[in-house]
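**Q** Structure incoming, see below.
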Amino acid sequence: MPQQTSIVEPPGLTTNQTPFIEQAQAHGEIFIHQPYELYSEQNHEAWRHLFARMKPRWERYANRHFLEGIDSLCLDPLRVPRLDEVNKFLRPLTGFQAKAVSGYIPAFLFFDCLRNRSFPTTITIRPSGKLDYLPEPDIFHDIAGHVPMHTDKAFAETLVRFGECAHTAAELVAGIRDEAERVRRLTSIIRAMARFFWFTVEFGLMRTPDGLRAYGSGLLSSFGEIQYAIDSPEVQRYPIQLEWAINQAFEIDHYQPLLFTVDSFDHLFSLIDELERWLRDGKLNNVAPGEPAVNERDLKSFLHRA
Ligand SMILES: [Fe+2]
């Protein structure tokens, strides 16, 4: 009798609905592989829709380094990308590579990955019926929002400097004898670094001869916010000042009402240099309280450098 063949739809790698991820997290595995065969047709459809609707917005609102990055990575607009293939194009350009993770990664480890030119990358994708907003990152945010920026040499160097700052911070606080004071200062430093990262790498705008353009990945992966950030009269946009950015709280559950602009990636790089000087001088030890919260895992990761 001929054997019957039936095509079984894979279970999918949908955000918050993925047993593969739950198991990895339950086993404490942070770095994982990308089980490509698990992506369902719905997952690919979500990618296809996200990519197709972003394309004209990128052309209108994204900075040129990003647009060049999208081209040089040869991202497939129709299927969820394979990290291995993205890395084949990315690595020769700046040494960066996307590295699959199971979800949240403690702050020190995250920055340390950047120092080693690895980018912790989420492999799940938002549900195809919920393309607009998700508080968690997904592969569209990470690969289509972040990774094209990593093809730019000056931007890549800035990310590496973030990682070096994290090491400097860990070394500095390790020298503080009093435990409560060590934790208090570290909390302030992590908050300052997270704010600076947020207002640049995630939500930064750049002044260009053609007007304002987005380089922050939170904007580059959001169909609604990329336009709002640049066109809405309600958004406050100011030239970045380090003292302001590190003391400015932010919330993640709505469009950003306040954004900062840089002139170039060399400008951004000079700011991270200044951030490290301020760190060494103790200027990050007492930043304004408020968001983001610094959790126990973030603190421990800096204290144990792991
Ligand atoms: Fe991000």
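Counting the sequence shown from 1 gives a position; the numbering used here is that position plus 57.
The C-beta atom is built at its ideal place from N, Cα and C for all residues, glycine as well.
Since this is a predicted model, take the numbers as computed values, not measurements.
Taking His203 as the reference, give the member of Ile287, Gly273 and Thr72 with the closest Cα.
**A** Measuring from the Cα of His203, the nearest candidate turns out to be Gly273.
**Q** I'd like the span of the beta strand (DSSP E) that includes Gln313, first residue to last.
**A** Neither: Gln313 is in no beta strand (DSSP E) and is coded neither H nor E.
**Q** Does the Cβ of Glu259 lie closer than 7 Å to at least one heavy atom of ligand 1?
**A** Result yes, Cβ under 7 Å from ligand 1.
**Q** According to DSSP, is Ile182 part of a helix, a strand, or is it coil?
**A** Ile182: strand per DSSP, three-state reduction.
**Q** May I ask you to report which of helix, strand or coil DSSP gives Phe307?
**A** Reduced to three states, the DSSP call for Phe307 is coil.
**Q** Below 8 Å between beta carbons: does that hold for Phe359 and Ala227?
**A** A contact, by the Cβ cut-off of 8 Å.
**Q** Is Pro194 near ligand 1 - that is, is its Cβ less than 7 Å away from at least one heavy atom of it?
**A** Checking the Cβ of Pro194 against ligand 1 gives yes.
**Q** Taking the Cβ atom as the reference point for each residue, do Gly268 and Val319 lie within a distance shorter than 8 Å?
**A** No, these two residues do not count as a Cβ contact at 8 Å.
**Q** Reducing DSSP to helix, strand and coil, say where Ser278 ends up.
**A** Reduced to three states, the DSSP call for Ser278 is coil.
**Q** Considering only C-alpha positions, which residue in the set Thr179, Tyr190 and Gln298 is nearest to Phe253?
**A** Nearest of Thr179, Tyr190 and Gln298 to Phe253, Cα basis: Gln298.
**Q** Using CA coordinates, which residue listed in Glu142, Ile283, Ala213 and Ser97 is at the minimum distance from Val65?
**A** Residue Ser97 is the option with its Cα nearest to Val65.
**Q** Please indicate yes or no: does the CB of His203 lie closer than 7 Å to some heavy atom of ligand 1?
**A** The answer is yes for His203.
**Q** Applying the 10 Å Cβ sphere with the 16-neighbour rule, what's the burial state of Gln74?
**A** The residue is exposed, with fewer than 16 neighbouring Cβ atoms inside 10 Å.
**Q** How far does the alpha helix (DSSP H) with Ala271 in it extend, from its first residue to its last?
**A** That residue, Ala271, is in no alpha helix (DSSP H); its beta strand (DSSP E) goes Gly268 to Ala271.
**Q** Between the alpha carbons of Ile89 and Pro266, how many angstroms are there, rounded?
**A** If you take the alpha carbons of Ile89 and Pro266, they lie about 42 Å apart.
**Q** With a threshold of 16 other CB atoms inside 10 Å of the CB of Cys222, please say whether the residue is buried or exposed.
**A** Its Cβ being crowded by 16 or more others within 10 Å, Cys222 is buried.
**Q** Only counting the same chain, and skipping five residues up and downstream in sequence, which positions put a Cβ closer than 7 Å to that of Arg136?
**A** Within the same chain, Arg136 has close Cβ partners His101 and Trp104.
**Q** By DSSP, does Val258 sit in helix, in strand, or in coil?
**A** DSSP places Val258 in helix when its eight states are reduced to three.
**Q** Contact between the segment 154-174 and the segment 113-125 is defined here as three or more beta-carbon pairs at a separation below 8 Å; is this criterion met?
**A** No, they do not touch.
**Q** Anyone know if the C-beta pair for Ala271 and Ala109 falls short of 8 Å?
**A** The answer is no: Cβ separation not under 8 Å.
**Q** Between the segment 310-328 and the segment 206-213, can you find at least three pairs of beta-carbon atoms closer than 8 Å?
**A** Verdict: yes, contact present.
**Q** Assign Ile180 to buried or exposed, taking buried as 16 or more other Cβ atoms, counted over all protein chains shown, within 10 Å of its Cβ.
**A** That one is buried.
**Q** Runs of 4 residues minimum, wholly inside the segment 139-219: which ones carry the alpha helix (DSSP H) assignment?
**A** The segment 139-219 contains these whole alpha helix (DSSP H) runs: 140-151 and 164-172.
**Q** Helix, strand or coil, according to DSSP, for Tyr285 in the structure here?
**A** Helix, per DSSP.
**Q** Using the C-alpha atoms, what's the distance from Gly275 back to Gly126?
**A** The straight-line gap from Cα to Cα measures roughly 16 Å.
**Q** Is it true that the segment 301-317 meets the segment 342-362, where meeting means three or more beta-carbon pairs spaced less than 8 Å apart?
**A** As far as the Cβ criterion goes, the segment 301-317 touches the segment 342-362, which means the pair count is three or higher.
**Q** So, is His311 buried or exposed, given that buried needs 16 or more other C-beta atoms within 10 angstroms?
**A** So His311 ends up on the exposed side.
**Q** Is Ser279 near ligand 1, in the sense that its beta carbon is under 7 Å from a heavy atom of that ligand?
**A** The answer is no for Ser279.
**Q** So is the beta-carbon of Ser327 under 7 Å away from any non-hydrogen atom of ligand 1?
**A** It does not: the Cβ of Ser327 is nowhere closer than 7 Å to a heavy atom of ligand 1.
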